[in-house]
Amino acid sequence: MILLKAPIKTLIVEDVIEMQAMLVEFANKINHLEVIGSAKNTWEARRLIAKTRPDLIFLDEVLPGESSLDLLNELSRDGILVFLITGLEQPSPLLPTGALLRLKKPSWDTFEHDLRVYQDKVNEFFVINKT
26 MILLKAPIKT LIVEDVIEMQ AMLVEFANKI NHLEVIGSAK NTWEARRLIA
76 KTRPDLIFLD EVLPGESSLD LLNELSRDGI LVFLITGLEQ PSPLLPTGAL
126 LRLKKPSWDT FEHDLRVYQD KVNEFFVINK T
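Start counting at 1 in the sequence shown, then tack on 25, and there's your number in the numbering used here.
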């Protein structure tokens, strides 16, 4: 388990604007998370990371242009924690180096269920220091 101070500063990296908005709303409902920004590509993500220094990033597994895996490698070197988010029907069984886990993107149809899954993963990976 990883000790983090609440709130956990969270950045969303997702290229589809509608999904990005859903992930922001979604993450803000997870206990101890606070969304501090969102980016639609790796370039915007790097700029926001330098400016905001997030604790956790929800990173879309498939982004246009530069690969999200390139960004993931940089993030792991910098010690930034990453939940890889995928919309792929059959993602690779191998978890890329630097990602804590891979989660299915939430949907409006299963919003409450997906929220519980994400909350359980936050609880599984992090010990929250509230002081």
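Here a beta-carbon is modelled for each residue, glycine too, at the ideal position from N, C-alpha and C.
- Annotation: I74 to M44 spans about 20 Å, alpha carbon to alpha carbon.
- Contact annotation: D80 and K146 have beta-carbon atoms that are not nearer than 8 Å.
- Per the C-alpha coordinates, the member of S132, W133 and S93 positioned closest to G123 is S93.
- The C-alpha of L128 is placed about 12 Å away from the C-alpha of L48.
- The beta carbon of L36 is closer than 8 Å to those of V60, I61, G62, S63, A64, A70, L73, I74, T77, P79, L81, I82 and F83 in its chain, skipping five residues each way along the sequence.
- In the DSSP assignment, D85 forms a beta bridge with I110.
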